[in-house]
Amino acid sequence: MERPHNFSAGPCILPLEVFEKASQSVIDLDGSGLSILEISHRSSAFVEVMEKARSLALEHLNLQNKGYKALFMQGGASMQFLTTAYNLLEKKAGYLDTGTWASNAIKEAKNFGEIEIVASSKESNYNFIPKNYSIPQGLDYMHCTSNNTIYGTQMKSFPDSDETPLICDMSSDIFSRDLDFSRFGLIYAGAQKNMGPAGATLVVVKEDILGKVSRTIPSMMDYKLFIKKESMFNTPPVFSVYVSMLTLEWLSRNGGVSAQEKKNRAKSELIYSEIDRNSLFEGFTGKEDRSMMNATFTLNDESLASRFDELWKSANINGLHGHRSVGGYRASMYNALPLESVEVLVDVMKHFEKTL
Ligand SMILES: *Cc1c(COP(=O)(O)O)cnc(C)c1O
Numbered sequence: 001m002e003r004p005h006n007f008s009a010g011p012c013i014l015p016l017e018v019f020e021k022a023s024q025s026v027i028d029l030d031g032s033g034l035s036i037l038e039i040s041h042r043s044s045a046f047v048e049v050m051e052k053a054r055s056l057a058l059e060h061l062n063l064q065n066k067g068y069k070a071l072f073m074q075g076g077a078s079m080q081f082l083t084t085a086y087n088l089l090e091k092k093a094g095y096l097d098t099g100t101w102a103s104n105a106i107k108e109a110k111n112f113g114e115i116e117i118v119a120s121s122k123e124s125n126y127n128f129i130p131k132n133y134s135i136p137q138g139l140d141y142m143h144c145t146s147n148n149t150i151y152g153t154q155m156k157s158f159p160d161s162d163e164t165p166l167i168c169d170m171s172s173d174i175f176s177r178d179l180d181f182s183r184f185g186l187i188y189a190g191a192q193k194n195m196g197p198a199g200a201t202l203v204v205v206k207e208d209i210l211g212k213v214s215r216t217i218p219s220m221m222d223y224k225l226f227i228k229k230e231s232m233f234n235t236p237p238v239f240s241v242y243v244s245m246l247t248l249e250w251l252s253r254n255g256g257v258s259a260q261e262k263k264n265r266a267k268s269e270l271i272y273s274e275i276d277r278n279s280l281f282e283g284f285t286g287k288e289d290r291s292m293m294n295a296t297f298t299l300n301d302e303s304l305a306s307r308f309d310e311l312w313k314s315a316n317i318n319g320l321h322g323h324r325s326v327g328g329y330r331a332s333m334y335n336a337l338p339l340e341s342v343e344v345l346v347d348v349m350k351h352f353e354k355t356l
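Note that UniProt numbering has the sequence shown beginning at 1, numbered continuously upward.
Encoded structure:
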């Protein structure tokens, strides 16, 4: 059976060769005769997987030998909403409120200290990224969300925060574009959007921002403990870490983050130029804030929805419906989505216009 063009927002498409290798390893890991799922996480075979995954993550972010550690934790990005605050919030932190995930992070952090919402786009249903704000003095950290998966906005620049550690939820655009990652004190990302299956969460943290809060931190949330135990305080999500390692190796074989960024840019330019050209559709977000990962758009005439839905479904396209809080359509174009899938979608949009 031909694989659908998968525009799902997450969990989402991963490289087919990663799926193939992962499925082999479920039966026989590298000729050992044992499944990746049945070996001890303390075995040398798995310890190697964990080390490889952690070092490749740092390598792709260009953060080796710069005082950073990469960790794999559990609980998804949603658990990081409170873990970051647990470890770093003593008195007051600043947050950018750019969408549902950002506001969920704010809600959790409020359990631990005072939160200042430095800027917000809530009033306009988060269809743009706030600009022209400055970071107040005296914050323990400043938190932002690099890509707002639901709304399709993406931060193109980040606040200057020489003094204040910058914390970023990069769940939906990690490894998709080149940035100066050394500007961040801590980056976190649930695996299931550009890296692997749900279950593991990548945390990349600059060690010198830790150890400054007075509260006791529960073991499962303690970054310092996870650094000391090399992400093996308890049984890690072995399969998710393994597949993440395979995806990071695939990324290395394919030119790394900067080569990936070029492909992602080509895909997103193709879809956005069609959204702008086609009289039937309208983009949901401000043009300068458009995400390379998630393109959101609506039909000008909602009554045409069922006809359009029928067309893209018959073109073997999957996962195009928008999130319920935005409606319309969302084309998620993560790293593993080929340009060809976007071409198929654009052809469907053109064809649809002609049939009316
Ligand atoms: C998907 C997503 C989350 C939630 O991730 P979980 O791993 O399901 O908790 C958080 N932030 C962003 C930006 C996301 O895209």
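Glycine included, C-beta positions come from ideal geometry on N, C-alpha and C.
- Not one heavy atom of ligand 1 sits closer than 7 Å to the Cβ of Trp-312.
- Under the three-state reduction of DSSP output, Ile-115 falls in the strand class.
- In the structure shown, Ile-106 adopts helical secondary structure according to DSSP, grouped into three states.
- The shortest CA-to-CA distance from Gly-199 to any of Met-349, Phe-72, Arg-42 and Arg-324 is the one to Phe-72.
- A Cβ closer than 7 Å to some heavy atom of ligand 1 marks a residue here, and those residues are Gly-10, Gly-76, Ala-77, Ser-78, Met-79, Trp-101, Thr-145, Asn-147, Asn-148, Thr-149, Asp-169, Ser-171, Ser-172, Gly-190, Gln-192, Lys-193, Ala-198 and Thr-201.
- The residue from Ala-315, Gly-327, Glu-249 and Ser-161 with its alpha-carbon nearest to that of Val-348 is Ala-315.
- DSSP places Ser-332 in the uninterrupted beta strand (DSSP E) bounded by 329-332.
- Nearest to Ile-115 by alpha-carbon distance, out of Ser-78, Ser-273 and Ser-103, is Ser-103.
- A direct Cα-to-Cα measurement between Phe-184 and Ala-109 gives close to 19 Å.
- Taking C-beta separations shorter than 7 Å and ignoring five residues to either side along the sequence, the partners of Asp-208 in its chain run Gly-67, following chain order.
- Collapsing the DSSP output to three states places Glu-17 in a helix.
- Between the C-alpha atoms of Met-333 and Ser-268 there is a straight-line separation of about 8 Å.
- Non-local beta-carbon contacts of Leu-356 in its own chain, meaning distances under 8 Å to residues more than five positions away in sequence, involve Leu-280 and Leu-304 in chain order.
- Counting other Cβ atoms within 10 Å of its Cβ, Pro-11 stays below 16 and is therefore classed as exposed.
- Judged by DSSP in its simplified three-state form, Gln-80 adopts helix.
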